[in-house]
């Protein structure tokens, strides 16, 4: 068994230095690596570039690292719901690159699949196309987009085993699998860490080969951004 | 629930006509759609182009359709172990296009992901590169490869539900998921068909949206090409 | 009388066909799900990674790991599946989703759409909208006919940065249902109950085609 | 004495390092797995879709749904995972596999490899070999030093159609271990027990660098 288990989030970030590019899993606050973000805040690494679909909210998720001015640049598809983000962006302290969500996902996927570039229809004819190669396939225009590169990928899974295999739950999967596959060093925190052999090998979402370090996280808050419910006894 | 269940393999092939391009799942004889191949032989459709990693063996798998001269062209990565194939290829009756296995997989994946073309290092500097665009990324050469197009994809899964969701077992997964995602019409045969709601939504390998028709196959032979064993009581 | 948001959603629900996979955007489009007839064979996709999305959960049963693209807590129906974002946008780009319903700030009479950015204001990002509009065969825009300043949102050319070019097929507003023919412009199909053709003409800045009697919507 | 196939495999097993993921090709490379020390932290990948491949099954326990890329029945070890072919070649291209061991018909002193096609003979295809050699950081070729006609397989340039260009790092044959320096050629690192440097020189057609005393392999 290749050894991947580390004792805690801080050890999992060994080697993460100022100026690095990180991928951080999650969609909104769903499926974010809470323990790793907290450890990164304590660690104090600065001038980070973060590839993450969103930027958290004030006081939670990546919002925590914005407060402490550790992030120099965000590469995201949507960054609402965050006053501190807005302040830093408007003041020019924070650089922001907005890209279509599917392109973000596919650029992560390409990195983990050894595909340096690919073509997508998203953004043709818009600002997003500026400076990009446009090419016709069967008469339809597409943009060439490149694989991302990330020094670290920080992801969160539901279950993991000592071999680094990961399983996600519900829509907390989102960007985590592709980012896990894309990181030069991939660190996974999981709600439940089990010995190798306890997970069904058919049910693995991310094979252990992609995961370099793994640990069981603690104290998950799992905040809900938009709590929407219907009253009890409402029929489906 | 969107209706996808058909009564049998023959009905599942409704609309499949001479000259069409088919993807057929499987690696060797592992994970091949046995019932659909048998139905296709009875149906007698001719001049087919088959995208499949291998061409079966004499008398089984796609070998059955070679015997009946239904295949005009094979697009595969490896076609050994088949005398009839060799005869037809050498006589010029059968056209064969050999491409690297990873490129085959990725061209299927691209089709199912709406990516018209991508770059891969496989085949650079070889015959495979002839006539293809070569492009440097970070100083390294890559070939541009295109998404496949297939009129039908014929795949085999372990379990499936009435919503078209598929789960595979072991290495019988292989090309089946990407082909399922790539077919203009995707037909899945499964060993066990269950009502919607019986499969864990976290464990689905191919979401039902990609599958147009599904049925429970019968009489699986599951032939083994290379039976390799160790004697009883051998330690791991 | 002009439709309210639920009226717009109810009218769009009439566009649904059995067997379709449908992606509903944030805002009015989300409401469309409330007007699907019982037992209607349709599945909702949310681009953050679910097919077979169900209604909001019963109070107390919210699951932080189960949200839609608007970050609202949701439920899943029997036959649902979860998947990663690459697979999700893969199925969108590969045109497996038959209908996308989106909100918009502006729509042009050639089918261009602008719904992500207002110069000078804080930009929140395009999310998945650019992927959706670039890929969907069938896009219906759900929006008010005019903006808060009373200016038409149906223009000859969008003034805001575009989300997609020549992609919108139909627009349902509080006043009307309009089809887009890129050559000819907005074709008026239906009026909201009690709304006159003249009002629609007055409030549409882009090319508008009115042919024969324009029926009222039947809701 | 020249090594037999198991000897070549045994020598290659010495190249393994703990923590590596390894892909073993068909033929001699497959035998390498037999010489991994007990408890050695390594995992085998087979490109048809498994990580954590174990030994052949005990007789009667073969599973048709569990094979390796050579189509042999295998087993899986605790911590194994199964995946589709796109993911499998994704991890290969993304250089997550630290070592690939392949057979070859010819290797050039610049690291080119030919192992898939002989003009005029039935071509079976390249399978996954082109993807593997185009992507692996570390490729070791396991082969006989000479072909059946007694001609050297270590050439200044391959005569057969190439599988990959400038990719082979090391060659282990029945006679020798050689490293490839694309500038200088084959660098003789070790001799098989009892095999002389002269024999290796005589049987190597490509540029061969012999520096100082060349030690015998320790098997």
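Chains as they are written, first to last, in my numbering: chain Y, 1 to 236; chain Z, 1001 to 1236; chain X, 2001 to 2219; chain S, 3001 to 3219.
Glycine included, each C-beta is placed from N, C-alpha and C at the ideal position.
Residue-level contact by beta carbon fails for residue 2177 (chain X) and chain Y, as no gap is shorter than 7 Å. In this chain, the beta strand (DSSP E) harbouring residue 2076 (chain X) covers 2076-2082.
With fewer than 16 other Cβ atoms inside 10 Å of its own Cβ, residue 69 (chain Y) counts as exposed. For residue 2087 (chain X), the three-state secondary structure derived from DSSP is helix. Listed by position along chain Z, the residues whose Cβ is nearer than 7 Å to that of residue 120 (chain Y) are 1115. If you check each beta-carbon in the stretch 2055-2086 of chain X against every beta-carbon of chain Z, the ones closer than 7 Å belong to 2076, 2078, 2079, 2080, 2081, 2082 and 2083.
For residue 203 (chain Y), a Cβ of chain Z is located within less than 7 Å of the residue's own Cβ. At a cut-off of 7 Å, the C-beta of residue 222 (chain Y) has a neighbouring C-beta in chain X.
For residue 2012 (chain X), the uninterrupted alpha helix (DSSP H) run begins and ends at 2005-2013, by DSSP.
Closer than 7 Å to the CB of residue 2131 (chain X) there is at least one CB belonging to chain Y. Leaving aside the five residues that flank residue 3179 (chain S) on each side, the residues in its chain whose CB is nearer than 6 Å to its CB run, in chain order, 3170, 3187 and 3189. Residue 3093 (chain S) and residue 3135 (chain S) do touch by the CB rule: their CB atoms are close to 5 Å apart, below 8 Å.
Non-local C-beta neighbours of residue 2194 (chain X) in its own chain, meaning closer than 6 Å and more than five positions away in sequence, comprise 2001, ordered along the chain. Counting only residues of its own chain and dropping the five nearest sequence neighbours on each side, residue 1096 (chain Z) has a CB closer than 6 Å to the CB of 1074 and 1089.
Of the other Cβ atoms in all chains shown, fewer than 16 fall within 10 Å of the Cβ of residue 2159 (chain X); this residue is therefore exposed.
Around the beta-carbon of residue 128 (chain Y), 16 or more other beta-carbon atoms lie within 10 Å, marking it buried. At least 7 Å separates the beta-carbon of residue 48 (chain Y) from that of residue 225 (chain Y). At least one C-beta of chain S is nearer than 7 Å to the C-beta of residue 1105 (chain Z).
Residue 1137 (chain Z) is bridged by DSSP to Z:1140. Residue 3072 (chain S) places its beta carbon less than 7 Å from that of residue 1228 (chain Z). Chain Z has a Cβ within less than 7 Å of the Cβ of residue 3135 (chain S). For the pair residue 122 (chain Y) and residue 2112 (chain X), the CB atoms are not nearer than the 7 Å cut-off. With fewer than 16 other Cβ atoms inside 10 Å of its own Cβ, residue 2034 (chain X) counts as exposed.
Put simply, the stretch 3089-3105 of chain S touches the stretch 3113-3124 of chain S. At least three CB pairs are less than 8 Å apart. Rounded to the nearest whole angstrom, the CA to CA distance from residue 1142 (chain Z) to residue 84 (chain Y) is 42 Å.
With respect to the 7 Å criterion, residue 57 (chain Y) and residue 35 (chain Y) are not classified as neighbours on the basis of their beta carbons. Between the stretch 2046-2061 of chain X and the stretch 137-157 of chain Y, the count of Cβ pairs shorter than 8 Å is below three; the stretches do not touch. Using a Cβ distance threshold of 7 Å, residue 1183 (chain Z) and residue 1215 (chain Z) do not count as a contacting pair. In its chain, beyond the 5 residues on either side, 3131 have a beta carbon closer than 6 Å to the beta carbon of residue 3089 (chain S). Counting of Cβ neighbours within 10 angstroms places residue 3085 (chain S) among the buried residues, the total reaching 16 or more. Neighbours of residue 2013 (chain X) in chain Z, taken as residues whose beta carbon is under 9 Å from its own, are absent, since the nearest beta carbon is some 17 Å off. Taking C-alpha positions only, residue 2183 (chain X) is separated from residue 2140 (chain X) by approximately 18 Å. Excluding five sequence positions before and after residue 2126 (chain X), the CB atoms of its chain that fall closer than 7 Å to its own CB belong to 2116 and 2163, given in chain order. Neighbours of residue 2051 (chain X) in chain Z, taken as residues at a C-beta separation under 7 Å, are given in chain order as 1207, 1208 and 1209. In the DSSP secondary-structure assignment, residue 1117 (chain Z) is bridged to Z:1146.
Taking 7 Å as the cut-off, the Cβ atoms of residue 3152 (chain S) and residue 3109 (chain S) do not count as close.
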